[in-house]
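Protein chains in written order, with our numbering: chain A, 197 to 536; chain B, 197 to 536.
Yeah, the Cβ is synthetic: ideal placement off N, Cα and C, and Gly gets one too.
Note that the coordinates shown come from a computational prediction; the quantities given were computed from them, not determined experimentally.
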DNA sequence: TAATTTAGCGCAATCGATTACCAAAATTTC
DNA sequence: GAAATTTTGGTAATCGATTGCGCTAAATTA
């Protein structure tokens, strides 16, 4: 009924609990005969090691914490899946926390995770995070920390990100090859590196292909479809509207497409549009949407591997590791002019 | 640097650790003066209670486990979000496990969760689960268990589900009101109650509205778009093809729409189609898809509340509670004939 | 055969916090 | 002022597992 402990086994066999523990852990100081006996009895009695007691004694909890803005955002839940699948075989559990993109909640969650003595922390920093003293505290405690996607540049912290600049560059390059010459950009929150990088990739492509930069073509958006429709309205009022839009978000790109269709402007014939993230819905829009895949499951798996490496290293020299994954341009109809 | 314990505080103040513990827990047996002193010192020394030690001593870990087939499925991640948001203010953490719809993995995960001494378990049973002895073990240990969405009928286990039968009924009723008379059904895995209920709702609506039942109109599908295209092909070969499809899944409905469009059959003019789940993409398909919203975040919150109630009850009389949420019919263009 | 090594196992401390039980001090009561 | 209470706080066991140290008996060596 109630839990079987090593003491129950030791009493039954008339040996000490220490012997039981050693036998169960394959300690060579125990004779094979005793070991077998203990193992057999433990199995019979349905013994299970008490994780909490072990964690308290060893200081290792075999759990890791994952901090994301929202679990139900496809990108994040996919990363979580990747982490979980990579870590489960190693005996780790994942604790999920939502920051709701709130810096204060991030700090709180970090605290409770530290307090629960997690063996590692994975996080995508919240948009509003400025101060990083809570992150320093993680480092002080020598707990492996891995940023994914959204990171801060802090020495000693590993990160797994995608090459946003290149993803943006590939998108814009693709638009140019489709014959577009006046390419607008929906720019996300510049507080986050990822959006800054996407913007820079946009600029770099323009420069490399000798296209002029027009500041009216860069619109600040916020990852919501409405923001995309508003942005499109603004663009269409310009004396010389763009013939392509590279959006830093699938949602704003979607809003743009909807607004354009409503006004009888054809996509991709009149204007090409590409998004970013490869949200599941992008393959079902009309037209289907060109976008950039961030390989989130892979990102999660990589992050987990980085963590495992850091755990493996005897002396946790906290040597940081920066993994940058290559994004994948997914070309679909919203930029495909060859199909007419 | 290293963790501050109540012993550190007790040494500094030259009192016993017991007193410190009591002071921190507002035990009335400690004089206000001492209490204040301890509290102040604890704050100064940056003391934090060791969760693991507490958990070991009390048997309460303040974590709950959530088992889902895949975390990156929108429905499940939304439920998780609901649970997390409801439980976080109560000091609980959530551990996420993926079963990959594999019964064996479900058993394993349950075991490790029990072993980690979670205070409760939330689960959506995997498709392949037949034997339920692992669930019985949870009950034996008197650990609150709450099924959500996919459940097994086991006495003593609470559940939060939606009224699938009614959701199906509303859908079919809606199709009938649109003038459809020959309504087909894409039926999911009948091993799962939810699909059985959706099927029954379909049948009930047909009966109530005096429409004949045609067994050729019921096609077994598997929640993948391809399965939907295959099903449509089969239906279209019938001597008298249907004029509406009620699909038990958004994905198969999507596959159906795509296949029909490809063959020049118009939706909704020639055939109405409705799905189930209100996946995010359904609002972006062309035409936008009528579907049934399962209110997953609400479902998560309800499940959490059921759990909290069970924890609150002094004697855990394990009185089961069955919550059935009302689904929401979301009417969009794929069934809207008035717009012609 | 005596001396020494080694295999096998037990004792008790430890991880950090809680709490039943008990004891000293302070207060009240007569 | 002595006895009876009441406050206040200490002692030590407990949750379950691990492990350094040491002891006993068997095995090895001289």
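Per DSSP, what kind of secondary structure is residue i in: helix, strand or coil?
i, result
"residue 518 of chain A", "strand"
"residue 170 of chain A", "Beyond the ends of chain A as shown, which are 197 and 536, falls residue 170 of chain A; an answer cannot be given."
"residue 388 of chain B", "coil"
"residue 512 of chain A", "Residue placement at residue 512 of chain A cannot be trusted, given a pLDDT of 49 that sits under 50; what the coordinates show is reported in the next sentence. Of the three classes helix, strand and coil, the one that applies to residue 512 of chain A here is coil, per DSSP."
"residue 182 of chain B", "For chain B, the structure presents residues 197 to 536; residue 182 of chain B sits outside this window and is missing."
"residue 462 of chain A", "coil"
"residue 211 of chain B", "coil"
"residue 433 of chain A", "coil"
"residue 409 of chain B", "coil"
Excluding five sequence neighbours on each side, which residues of the same chain lie with their C-beta closer than 7 angstroms to the C-beta of residue i?
i, result
"residue 305 of chain A", "263, 293 and 295"
"residue 482 of chain A", "none"
"residue 277 of chain B", "493 and 496"
"residue 388 of chain A", "323 and 346"
"residue 238 of chain A", "205 and 220"
"residue 283 of chain A", "260, 290 and 500"
For the beta strand (DSSP E) that contains residue i, what are its first and last residues?
i, result
"residue 357 of chain B", "354 to 358"
"residue 261 of chain A", "259 to 264"
"residue 383 of chain A", "379 to 383"
"residue 470 of chain B", "468 to 470"
"residue 484 of chain B", "No beta strand (DSSP E) holds residue 484 of chain B; DSSP gives it neither H nor E."
"residue 290 of chain B", "289 to 294"
"residue 490 of chain B", "Careful: residue 490 of chain B lies outside any beta strand (DSSP E) and carries neither H nor E."
"residue 525 of chain A", "524 to 526"
For residue i, I'd like the list of residues in its chain whose CB is within less than 6 angstroms of its CB, leaving aside the five on either flank, ordered along the chain.
i, result
"residue 582 of chain A", "Residue 582 of chain A lies beyond the range of chain A shown here (197 to 536); nothing can be said about it."
"residue 468 of chain B", "371, 374, 376, 440 and 531"
"residue 437 of chain B", "431"
"residue 365 of chain B", "397, 400 and 401"
"residue 527 of chain B", "486"
"residue 203 of chain A", "213"
"residue 533 of chain A", "374 and 464"
"residue 321 of chain A", "346 and 348"
Between the Cα of residue i and those of the options, spot the shortest distance and give me the residue it belongs to.
i, options, result
"residue 270 of chain A", "A:307, A:478 and A:365", "A:478"
"residue 499 of chain A", "A:356, A:393 and A:426", "A:356"
"residue 383 of chain A", "A:311, A:349 and A:424", "A:424"
"residue 315 of chain B", "B:227, B:303, B:528 and B:341", "B:341"
"residue 302 of chain B", "B:234, B:410 and B:329", "B:329"
"residue 312 of chain A", "A:337, A:367, A:321 and A:435", "A:337"
"residue 517 of chain A", "A:352, A:325, A:212 and A:360", "A:352"
"residue 266 of chain B", "B:520, B:244, B:279 and B:298", "B:298"
"residue 255 of chain A", "B:470, B:199, B:211 and B:257", "B:199"
"residue 435 of chain A", "A:412, A:453 and A:426", "A:412"
"residue 524 of chain B", "B:344, B:367, B:285 and B:327", "B:367"
"residue 456 of chain B", "B:445, B:429 and B:244", "B:429"
"residue 490 of chain A", "A:503, A:502, A:474 and A:480", "A:474"
"residue 308 of chain A", "B:273, B:363, B:245 and B:223", "B:245"
"residue 361 of chain A", "A:444, A:258 and A:419", "A:444"
Which residue marks the beginning of the alpha helix (DSSP H) containing residue i, and which one marks its end?
i, result
"residue 454 of chain A", "446 to 458"
"residue 300 of chain A", "299 to 311"
"residue 419 of chain A", "Run containing residue 419 of chain A: none; DSSP gives neither H nor E here."
"residue 443 of chain B", "Careful: residue 443 of chain B lies outside any alpha helix (DSSP H), inside the beta strand (DSSP E) at 440 to 443."
"residue 339 of chain A", "Taken as a continuous stretch (DSSP letters only), residue 339 of chain A belongs to no alpha helix (DSSP H), as it is neither H nor E."
"residue 279 of chain A", "270 to 283"
"residue 237 of chain A", "228 to 240"
"residue 250 of chain B", "247 to 254"
Skipping 5 residues on each side, what residues in its chain have a beta carbon closer than 8 angstroms to that of residue i?
i, result
"residue 334 of chain B", "306, 310, 317 and 341"
"residue 225 of chain B", "218"
"residue 241 of chain A", "200, 204, 205 and 208"
Q) Would you call the region 235 to 252 of chain A and the region 249 to 260 of chain B touching, i.e. three or more CB-CB distances under 8 angstroms? A) yes
Q: Report yes or no: do three or more beta-carbon pairs, one from the region 461 to 475 of chain A and one from the region 455 to 468 of chain B, lie closer than 8 angstroms?
A: Here the region 461 to 475 of chain A makes no contact with the region 455 to 468 of chain B; the two share fewer than three CB pairs at distances below 8 angstroms.
Q: Say whether the region 229 to 237 of chain B touches the region 210 to 220 of chain B, bearing in mind that this needs 3 or more beta-carbon pairs closer than 8 angstroms, one atom from each stretch.
A: yes
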